[in-house]
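Residue numbers (our numbering): 25 to 312.
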């Protein structure tokens with residue numbers, strides 16, 4: 025089932041609101057519906073990754089159980105790994121877009137409600153955690169398969185009278201040293217072909233591990249960026265508290281100044297009345 029990707033539409037809506045030059049209060053119901061559509065789309069893609077890992081584990085078990093290399097199963101495993109890598113890149117890009125949208129709305133609120141922002145952050149953290157769990161599971165599956173391949177190669181060589189320790193086996197896998205003579209020539213050639221095939225698979229697995237390392241770095245960057253946002257919010261709160269305390273001091277000073285001004289006005293009024301009375305008495309005595 026194909027799910028429509030609405031993350032681009034959501035991002036365009038935010039840009040349109042910012043270009044209008046006035047504060048636009050986003051409809052909370054419509055905004056949440058649009059955001060939940062994007063979240064549901066990512067969740068379905070993560071679920072598809074989980075299903076790919078299940079299919080990949082089954083295919084790997086079939087490959088390990090085969091006596092010799094089966095190209096059909098090998099191609100199936102290769103296609104599943106490619107499909108997994110493509111979907112991982114897509115999900116990573118969508119999570120980055122969602123993170124950038126949330127950060128942009130924090131810097132330029134543009135009418136976005138705080139509750140809406142909090143809901144988006146909670147869902148983003150949940151998606152990142154779920155995505156990280158899938159990536160860890162895939163990495164563990166690949167490592168287990170690599171160890172199984174090495175054990176199978178070791179058993180094959182033991183059947184032909186060769187004992188290899190862990191270091192020698194790693195050297196064969198890493199350097200492709202397959203020039204080993206056996207008593208049975210036909211079995212020997214088939215064994216060499218099988219070892220070469222396993223070696224290619226292990227090299228591809230190592231490349232996928234490097235890609236996973238890059239993914240973990242990106243996830244760590246997203247988490248660190250969220251910590252920076254939280255620290256910035258705490259700094260703003262402390263700054264606001266300092267301003268409130270300063271405003272309270274100014275209010276107290278203003279109240280005191282107001283009382284002094286009223287006293288001065290009252291004194292001036294009484295003084296004027298007294299001068300008027302004195303002037304009137306002097307005029308009265310003079311005229312009399």
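Heads up, the beta-carbon is just placed ideally off N, CA and C, and yes, glycines get one too. Bear in mind that the values here come from a model prediction, so they are computed numbers and not experimental data.
| query | result |
| --- | --- |
| What do you get for residue 45, buried or exposed, if any count of 16 or more other CB atoms within 10 angstroms of its CB means buried? | Because residue 45 carries a pLDDT of 35, less than 50, the predicted location of this residue cannot be relied on, and the following value inherits that uncertainty. With fewer than 16 other Cβ atoms within 10 Å, it is exposed. |
| Rounded to the nearest angstrom, how far is the Cβ of residue 232 from that of residue 109, given a contact under 8 Å? | 7 Å |
| Would you mind listing the alpha helix (DSSP H) stretches within the segment 226-265 that are 4+ residues and don't spill past its ends, in chain order? | none |
| Looking only at C-alpha atoms, which of 303, 103, 122 and 262 sits nearest to residue 79? | 103 |
| With DSSP collapsed to three states, give me the class of residue 107. | helix |
| Thinking C-beta only, is residue 141 closer than 9 Å to residue 130? | yes |
| Buried or exposed, going by whether 16 or more other CB atoms sit within 10 Å of the CB of residue 115? | buried |
| What are the start and end residues of the alpha helix (DSSP H) that includes residue 189? | Segment: none, residue 189 is in no alpha helix (DSSP H) and carries neither H nor E. |
| Decide if the segment 263-273 is in contact with the segment 158-176; the criterion is three or more beta carbon pairs, one per stretch, under 8 Å apart. | no |
| Do you know how far the Cα of residue 277 is from the Cα of residue 239? | 58 Å |
| Return the Cβ separation of residue 247 and residue 147 in integer angstroms, given the expectation that the two are a contact with Cβ distance under 8 Å. | That belief does not hold up - the Cβ atoms of residue 247 and residue 147 are roughly 15 Å apart, past 8 Å. |
| Sort 235, 252, 250 and 171 by Cα distance to residue 222 and report the nearest one. | 171 |
| Reducing DSSP to helix, strand and coil, say where residue 137 ends up. | coil |
| Can you list, in chain order, the residues of its chain whose CB lies under 7 Å from that of residue 74, leaving out five sequence neighbours each side? | 158 |
| Hey, how far is the Cα of residue 155 from the Cα of residue 72? | 11 Å |
| Should residue 218 be labelled buried (16 or more other beta-carbon atoms within 10 Å of its own) or exposed? | buried |
| Would residue 276 count as contacting chain B if we go by Cβ distances under 9 Å? | Of the chains in the structure shown, none is chain B; there is only one protein chain. |
| Taking 8 Å as the limit between beta carbons, can you name the residues of its chain near residue 76, skipping five residues before and five after? | 104, 107, 108 and 111 |
| Does the beta-carbon of residue 271 have 16 or more other beta-carbons within 10 angstroms, so that it is buried, or is it exposed? | exposed |
| What whole-angstrom Cβ distance do residue 151 and residue 66 have, given they're in contact under 8 Å? | 6 Å |
| What's the gap between the Cα of residue 181 and the Cα of residue 243? | 42 Å |
| Please report the Cβ distance between residue 70 and residue 86, rounded to the nearest whole angstrom; I am assuming they are in contact, meaning their Cβ atoms lie under 8 Å. | That pair is no contact at about 25 Å. |
| Alpha carbons only, please: which of 249, 236, 259 and 256 is nearest the one belonging to residue 161? | 236 |
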